[in-house]
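Asker:
Residue numbers (my numbering), protein chains in the order written: chain A, 1 to 247; chain B, 1001 to 1364; chain C, 2001 to 2301.
1. Bridge partners of residue 2101 of chain C, per DSSP?
2. Give the DSSP-derived three-state secondary structure of residue 1028 of chain B in the structure shown.
3. Please check if any C-beta of chain A sits within less than 9 angstroms of the C-beta of residue 2069 of chain C.
4. Of all Cβ atoms in chain C, is any one closer than 9 angstroms to the Cβ of residue 171 of chain A?
5. Please list, in chain order, all residues of the same chain as residue 1149 of chain B whose beta carbon is under 6 angstroms from its beta carbon, the five residues on each side excluded.
6. When the distance is taken between beta carbons, is residue 1201 of chain B closer than 9 angstroms to residue 2084 of chain C?
7. Mind checking residue 106 of chain A: buried by the 16 CB within 10 Å criterion, or exposed?
8. So what's residue 2301 of chain C in DSSP terms, helix, strand or just coil?
9. What does the Cβ neighbour count give for residue 17 of chain A, buried or exposed, with the cut at 16 atoms within 10 Å?
10. Give the DSSP-derived three-state secondary structure of residue 6 of chain A in the structure shown.
11. For residue 2181 of chain C, decide whether its Cβ has a neighbour in chain A, counting only Cβ atoms nearer than 9 angstroms.
12. Say yes only if the C-beta of residue 1112 of chain B is nearer than 8 angstroms to one or more non-hydrogen atoms of the ligand HEM, and no if none qualify.
13. Taking C-beta to C-beta, are residue 1050 of chain B and residue 1091 of chain B nearer than 9 angstroms?
14. Along the chain, where does the alpha helix (DSSP H) containing residue 1196 of chain B start, and where does it finish?
15. Cβ atoms of residue 1213 of chain B and residue 1008 of chain B: under 9 angstroms apart, would you say?
16. Per DSSP, what kind of secondary structure is residue 1350 of chain B in: helix, strand or coil?
17. With C-beta atoms as the reference, is residue 1173 of chain B less than 9 angstroms away from residue 1295 of chain B?
18. Mind checking who residue 1049 of chain B pairs with in its DSSP beta bridge?
19. Report yes if the CB atom of residue 2033 of chain C is closer than 9 angstroms to the CB atom of residue 2099 of chain C, and no otherwise.
20. Give the list of continuous alpha helix (DSSP H) stretches no shorter than 4 residues that lie fully inside the region 1082-1144 of chain B.
21. Assign residue 2126 of chain C to one of two classes, buried (16 or more other C-beta atoms within 10 Å of its C-beta) or exposed (fewer than that).
22. Do residue 168 of chain A and residue 187 of chain A come within 9 angstroms of each other at the CB atom, strictly closer than that value?
23. So, is the C-beta of residue 185 of chain A closer than 9 angstroms to a C-beta in chain C?
24. So, for residue 2170 of chain C: in the same chain, excluding its five sequence neighbours on each side, which residues have a beta-carbon less than 6 angstroms away from its beta-carbon?
25. On the criterion of 16 or more Cβ atoms from any shown chain inside 10 Å, does residue 998 of chain B qualify as buried, or is it exposed?
26. Roughly how many whole angstroms lie between the Cα atoms of residue 1198 of chain B and residue 1282 of chain B?
27. Do residue 202 of chain A and residue 36 of chain A have their C-beta atoms within less than 9 angstroms of each other?
28. If the cut is a Cβ gap below 8 angstroms, which residues of chain B does residue 2271 of chain C touch?
29. Taking 9 angstroms as the CB-CB cut-off, is residue 221 of chain A touching chain C?
30. Could you say which of A/160, A/70, A/152 lies nearest to residue 60 of chain A if we only look at CA atoms?
31. Taking the continuous beta strand (DSSP E) assigned at residue 162 of chain A, which residues delimit it?
32. With C-beta atoms as the reference, is residue 2065 of chain C less than 9 angstroms away from residue 2049 of chain C?
33. Are any of the Cβ atoms in chain C nearer than 9 angstroms to that of residue 236 of chain A?
34. What residues in the region 153-170 of chain A have a beta carbon less than 8 angstroms from any beta carbon of chain C?
35. Could you name the residues of chain A that residue 2292 of chain C contacts, counting a contact when the two beta carbons are closer than 7 angstroms?
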């Protein structure tokens, strides 16, 4: 892990009228880190992530993602991050290659770069034979790996993953984490939001949000030690039981 | 085991009442359509600006112009010269120009004796709206002919709708359209919504027979449609002055049959569609298009190509619109439309039968 | 008589193109809390729909509460409670109205079953006038469960009830199921999350329409007959690639903070640490196999 800071957040706050969805959160994420961002339903993690992706402006506080200010440079942030969610799937009626070309185009890659990057990704995924297969006919696990690959097609500095491996079989799931480890070891920063604690175990560091505040932030091992818990699930339950608000 | 049918109806009514936006649309569409078709999109002659070109303003000319100006459908915009005609029409200042030939009075007298044969009056009309143009021409002729002695060989009398008010024609058409919209579209969407939400699975895995649930769904939509029906009839009578000479009860009864038919159509769509989007599309494409095109709403059926005339026989709205027109405008009693009623009734039974058969209590 | 008996049940979609379920057989005892554990596409939902009589099987037979799922499906429908994958509630109706509607659907009064649903419903009763669509995931789940119980079913089918719900609510939900089991209700529940398996009496691991293994969670794990180690290092990705190339390593895969290394008899820890001594921060320790390890092993078989 590199000590260079890629995401830096200070006292970031988002209010909707009287309601403080995100309450002065502060943390740093380093290059190549796999950062788990956890929280119960309604804890404010979606709101916080929107601000980091440049989709929503903070009410107060400051932050930067990939060197760009979340207050003023939302558009630049969008170009330097990748995003993949379990719900956001690829276009089922386009082929693997067409999907890659489409997203490469969206991120402004030129024809040569697209060709180069897409071929490299196909090779890495062992998908070369599926180049012209409709995405809709691929098994779920493959789709998920493909959408991760496509989320990194423009070599973003940070990739945001929203519950990336929910509902996938254990073998495919491991292949997926391998892809993530590989990307991380090459210097891509991975930001994972999830409410499945076993996904949290794979992260280098984990933050847990309750009622709009970050209540815990450390490596999973140290958190388990701190809360005298056997699993992240227990750590999370101890923290979230005190939650004041629901969804 | 008692199954509380009333509570199913209540649940369905709550869905409708809580969806305020849809409720508003359902209630507003009839008003908007009625007003639009009744006033704005009209083929009737109304406020037509007319200019006159006359070489000499003789008594005969003055008399004609006075009559024109006195008519409520035309507005006299003054005399212009021959050279101005084109410009005035182009700018849209006037929609029609009446050109009197020189020596109008004398030649008029000769014409009356059958000696003069060349035309004495030329009508130049802006025909960008064909419907308005042709009605205006016809109407102008009747007004002007009055002066040029009774030389016409024809006497035209417009029956049932002497002022050629288009609202009369559109009201039955709008009714045919709106009930399909409210009953068929909304029923199908509300059934398919349950498929999408997954609640249909639970409904099916219950001892209640699906028919019961379906009928409970239809009742509130039927009630809404009745309110809309009353609204339309009131609007037609008091806002658009449609005479309804055939009797309101007759119109109401035929409409009830048509409502049942629309509800059945909605049910049929819901057995085919798997998503709300599909239900909407099917309702719009398969049901609305034929109503607009093939029911006599926009184009008279007699003007359609033979093939489409034939196709129009299976469009339920055609029979309904026909029946309502007969009663609302021609003033025929309900006994005169037995054929329409029988066809509508038969269609209802057939569609309802097919859709109930298709609606099975499994997921496949 | 068993609560559920399934004998070689098969089901395909799209005229046989997609085989959703291939010759599945197992039995569920009365009063048992039985878990179907498997990823999306394992055939869990298809099996639920067959057993709740929403679909008809292509081949094989099954009984629920002693009734045949094809011939006597009407009898089954009044005896089972079913909670489909997405909580099937009406979002525009209030908590109370949802409950009353489902009571009417089964021809019962809420009062008659109140004692059964009370432990669950009491938690959401303070919000009884709130629209179901405005509830949190955990509260929706509780309401859906109350609705599925309203007619005192003898068998409860819960299809992925914990998907999309946070960890606290999930744990509470399993506590509630334990309470229902006490009252003699047979429960068949499915979940894609392996860590929930330990809350069941018996589990069936399933994948791609087949059953990989059926047993108690404890005995399933006992069937893992390889040695298992947890390994970690500073660079986890390099470690993974290097470890796989070592002698005696059957396989090595990420497993949370560490990688799990499945070893055969020729594996030696000493040799392993020696050969990988250049890897910074290398640690190796024996690890207890979990359901997930067993699942991976069964999948690869």
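C-beta: ideal position from N, C-alpha, C; glycine also.
Answerer: In this structure, then:
1. Under DSSP, no beta-bridge partner is assigned to residue 2101 of chain C.
2. The answer is helix: DSSP assigns residue 1028 of chain B an H, G or I state.
3. Cβ-Cβ to chain A under 9 angstroms: no for residue 2069 of chain C.
4. For residue 171 of chain A, the nearest beta carbon of chain C is closer than 9 angstroms to its own beta carbon.
5. Because the pLDDT of residue 1149 of chain B is 47, which lies under 50, any placement of that residue in the model is unreliable, and the question is left without a value.
6. Cβ atoms of residue 2084 of chain C and residue 1201 of chain B: closer than 9 angstroms.
7. Around the Cβ of residue 106 of chain A, a 10 Å sphere holds fewer than 16 other Cβ atoms; the residue is exposed.
8. In the structure shown, residue 2301 of chain C sits in coil (DSSP, three-state: anything other than H, G, I, E or B).
9. So residue 17 of chain A ends up on the exposed side.
10. Taken through DSSP and simplified to helix, strand or coil, residue 6 of chain A comes out as strand.
11. For residue 2181 of chain C, no CB of chain A lies under 9 angstroms from its own CB, so it is not counted at the interface with that chain.
12. Absent from the structure shown: the ligand HEM. Ligands present: none.
13. No, the pair does not count as a contact, with Cβ atoms beyond the cut-off.
14. Residues 1186-1197.
15. Between residue 1008 of chain B and residue 1213 of chain B, the gap from beta carbon to beta carbon is short of 9 angstroms.
16. Residue 1350 of chain B carries a helical assignment under DSSP once its states are collapsed to helix, strand and coil.
17. Using a Cβ distance threshold of 9 angstroms, residue 1173 of chain B and residue 1295 of chain B count as a contacting pair.
18. B/1075, per the DSSP bridge assignment.
19. With a cutoff of 9 angstroms on beta-carbon distance, residue 2033 of chain C and residue 2099 of chain C are scored as not near each other.
20. 1085-1091, 1104-1113, all fully within the region 1082-1144 of chain B.
21. With fewer than 16 Cβ atoms within 10 Å of its Cβ, residue 2126 of chain C is classed as exposed.
22. Residue 187 of chain A is not a Cβ neighbour of residue 168 of chain A, given a cutoff of 9 angstroms.
23. Yes, residue 185 of chain A lies at the interface with chain C (some Cβ there is under 9 angstroms from its Cβ).
24. For residue 2170 of chain C, where only same-chain residues beyond five positions count, the Cβ hits under 6 angstroms are 2162.
25. As displayed, chain B neither begins before 1001 nor continues past 1364, which places residue 998 of chain B out of reach and without an answer.
26. Each residue's alpha carbon lies about 21 angstroms from the other.
27. Result yes, Cβ atoms of residue 202 of chain A and residue 36 of chain A sit closer than 9 angstroms.
28. Chain B residues near residue 2271 of chain C: none, gap ~55 angstroms exceeds 8 angstroms.
29. Among the residues facing chain C, residue 221 of chain A is included, as its CB has a counterpart in that chain under 9 angstroms away.
30. Each of A/160, A/70, A/152 was checked against the Cα of residue 60 of chain A, and the nearest Cα belongs to A/70.
31. Bounds of the beta strand (DSSP E) holding residue 162 of chain A are 158-162.
32. It is not a contact, given that the beta carbons lie outside the stated cut-off.
33. At least one chain C Cβ lies under 9 angstroms of residue 236 of chain A.
34. Taking 8 angstroms as the cut-off between beta carbons, the residues of the region 153-170 of chain A near chain C are 166, 167, 168, 169, 170, in sequence order.
35. Contact note: residue 2292 of chain C reaches chain A through 170, using a C-beta cutoff of 7 angstroms and chain order.
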